[in-house]
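These protein sequence lines map, in sequence, to chains A and B.
When we follow the working numbering, the leftmost residue of the first sequence carries the number 1, and every step to the right adds one.
When we follow the working numbering, the leftmost residue of the second sequence carries the number 1001, and every step to the right adds one.
Glycine included, every Cβ here is placed at the ideal spot set by N, Cα and C.
A short worksheet on the structure shown next.
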Amino acid sequence: MAEARAPQKSLPKINKVDQPYWEGAAAGKLLLQKCKSCGKVQFFPRVACVDCFSELDWIESKGTGKVHTFTLVRVPRNPAFKEEVPIYYINVILDEGVIMESRLVGDAKEKVKLGDRVKVVFQQTHDPNIKLPCFELAN
Amino acid sequence: MRRKKVCFVGYGSTEYSRKSEASVLWYYADAIRDALRQTGLHKKEIRGLSITTQVSPDYSPHVAEQLGLEVDWVLNGDYGGGGGVMSVRRAADAIECGHIDVAVLVGGNSFDRSNPTQRQLEYQRGNFVDVYGYGGPNSLMALIQRLHMTQYGTTLEQIGKIAIAQRDNALNNPQALFREPMSMQDYLNSRMISDPIRLFDCVMPCSGAECVVLASEERAKKITDKPIYLVTDAEISHYQVANMLPDKTTFGMKVVGERIFSEVKHQDINLVEIYDDYPIAVMIQIEDLGFCKKGDGGKFVDAHDLTYRGNFPVNTGGGELSVGQAGLAGGFLHVVEALRQLRGEADGHQVKKAERALVTGIGWLNYGRNLGTTAALVMERR
Ligand SMILES: [Zn+2]
């Protein structure tokens, strides 16, 4: 019982709207929504296009982009993440033209600067069915 | 501009406490009692009630029952830190329409652990932030502050000056939980929370409540000889929501400011009460409101004395940074402090010429951008 009560790292509560995104991530693909009518690409997943309210398709992102801004989280909201601080929490501008909030991982992360190129990597969570899209410095 | 004149006729505050587990209902009652005492109103004269909180045991009609209020208008003023200004706007609308002539608006928080619905703020986009070990509002403001510092050359000293000036303002405010002077070294050396956000950039969560009373002009004149007029007010929610590459260093306050300052002039504002969950948020709002150009907030801060004695008084009672943030009472603290100033009741931190004040509220942190709700109002003594 004590084990069940220990804090667990947050996992997505997957719903009908974002399910394709998480299925894509589990298969090593970063999926974004694209409007069937006007072609707008958007993130995070929603139920309608933020420009014209039409229905949406999914497209695969190239998974590349640049660091827009970042912070080193020393006090995560969920204490289960404490063992991992500082967490390099980033905003990435994907090459498809959307901002994505994520995490920078990899040995070189301490060198990060605004504008650095990054590429997606998929990190296994403690749930075998869920992978998290994170980023590493490119090159 | 309001079609009909609406006035603030009074306010009430509780003491703030870092640990109190008194019920949040007790805090509401204490703040309302304080306002009734000041205005001489009887409880039966309250015909409208708005509640703004994260921890209410239930929604506004339930709170009205608990407080024993039969009302013609009730509102759950659920707009995050924008809840103070935005509830004032809703109540002013109802008064202007003639639905009610007296409304009481309350914001409050407590650490009552017996309350089963007490919870941390939930972010509906948790699937896309919490999974990465997000640090909450501290991290969001850190992302914004780093961009501001990098794009505009804003320094930690410029940002720190805001926190330090507000602490100076708090020294003689008995409500403030922090009444020790803060030096630049204290600010710079405070513990890193989410780089570049430090401990002294953050508010102290606490228990407390704030209350304001609004009335029609006709009614206001019978209640007080110090009515404070609501001059103009504006809001926008989810500015830039459809922009996938938003400017993170510009809040919806830019649009709000354009609306407000089409009605009044910058130089006619004597003091500003700017929602201060973080000093960087104050600086960005000073820019967005047009007191200086975008990116010049640091220079503006350098060039002005921000204390209640100064040439640009900001958060004259210490703001949430020095008083404490009693949850969503934070958005009301600024309205109440402006009323104290304009009524000449800010003992020990009174601005000399306090005829017209600007008050802002911001709240509801959103994904990839900054603030979901932004609102402001101007009030004046006539
Ligand atoms: Zn579209």
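In the structure shown, residue 66 of chain A falls within a strand segment according to DSSP collapsed to helix, strand and coil. Residues whose Cβ lies closer than 6 Å to any heavy atom of ligand 1, listed in chain order: A/35, A/37, A/38, A/40, A/49, A/51, A/52, A/54.
In the assembly as shown, residue 1375 of chain B is a buried residue. Its beta-carbon has 16 or more other beta-carbons within 10 Å.
When 7 Å is used as the limit between beta carbons, residue 1131 of chain B is near these residues of chain A: 10, 11, 12, 132, in chain order. Look at residue 1248 of chain B: its C-beta is under 8 Å from a C-beta on chain A. Between residue 103 of chain A and residue 1136 of chain B, the CB-CB gap reaches or exceeds 8 Å. Nearest C-alpha to residue 1107 of chain B among B/1146, B/1096, B/1086: B/1086.
Using a Cβ distance threshold of 8 Å, residue 1328 of chain B and residue 1140 of chain B do not count as a contacting pair. Secondary structure of residue 76 of chain A (DSSP, three-state): coil. DSSP places residue 1311 of chain B in no alpha helix (DSSP H); its state is neither H nor E. Residue 1219 of chain B sits in a helix when the DSSP states are folded into three classes.
Closest in alpha carbon position to residue 1278 of chain B, among B/1181, B/1379, B/1198, B/1175, is B/1198. Taking the CA atoms as reference points, residue 1288 of chain B sits about 10 Å from residue 1281 of chain B. Shown here, residue 37 of chain A sits in coil according to DSSP, grouped into three states, outside any helix or strand. With the criterion set as a beta carbon lying under 8 Å from some beta carbon of chain A, the members of the segment 1232-1248 of chain B are 1241, 1242, 1244, 1245, 1246, 1248, in sequence order. Inter-residue distance for residue 1173 of chain B and residue 1143 of chain B is about 32 Å (C-alpha atoms, whole angstroms). Scanning the segment 1175-1240 of chain B for uninterrupted beta strand (DSSP E) segments of 3 residues or longer gives 1192-1194, 1208-1216, 1228-1237, listed from N- to C-terminal end. Annotation: residue 1127 of chain B to residue 67 of chain A spans about 21 Å, alpha carbon to alpha carbon. For residue 64 of chain A, the nearest beta carbon of chain B is not closer than 8 Å to its own beta carbon. Between residue 1378 of chain B and residue 1210 of chain B, the CB-CB gap reaches or exceeds 8 Å. Here residue 103 of chain A carries a strand assignment [DSSP, helix/strand/coil].
Per the coordinates, the alpha-carbon of residue 34 of chain A lies some 20 Å from the alpha-carbon of residue 91 of chain A. Under the three-state reduction of DSSP output, residue 112 of chain A falls in the coil class, being neither helix nor strand. Taking all protein chains in view, the Cβ of residue 1163 of chain B is crowded by 16 or more other Cβ atoms within 10 Å, so the residue is classified as buried.
Taking C-beta separations shorter than 6 Å and ignoring five residues to either side along the sequence, the partners of residue 51 of chain A in its chain run 38, 40, following chain order. Around the beta carbon of residue 124 of chain A, fewer than 16 other beta carbons sit within 10 angstroms, so the residue counts as exposed. By a beta-carbon distance limit of 8 Å, residue 1021 of chain B contacts residue 1112 of chain B. Their separation comes to about 5 Å. For residue 1193 of chain B, at least one C-beta of chain A is nearer than 8 Å to its own C-beta.
Contact between residue 1298 of chain B and residue 1154 of chain B holds, since their C-beta atoms are separated by about 4 Å, short of 8 Å.
Residue 1317 of chain B sits buried, since 16 or more C-beta atoms from the chains shown fall within 10 Å of its C-beta. DSSP places residue 117 of chain A in no alpha helix (DSSP H) but in the uninterrupted beta strand (DSSP E) bounded by 117-124.
DSSP, reduced to helix, strand and coil, places residue 1379 of chain B within a strand of the structure shown.
The C-beta separation of residue 1071 of chain B from residue 1046 of chain B comes to about 7 Å, placing the pair in contact by the 8 Å criterion. Our two residues, residue 1165 of chain B and residue 1078 of chain B, have alpha carbons roughly 30 Å apart in a direct line.
Around the beta carbon of residue 1028 of chain B, 16 or more other beta carbons sit within 10 angstroms, so the residue counts as buried.
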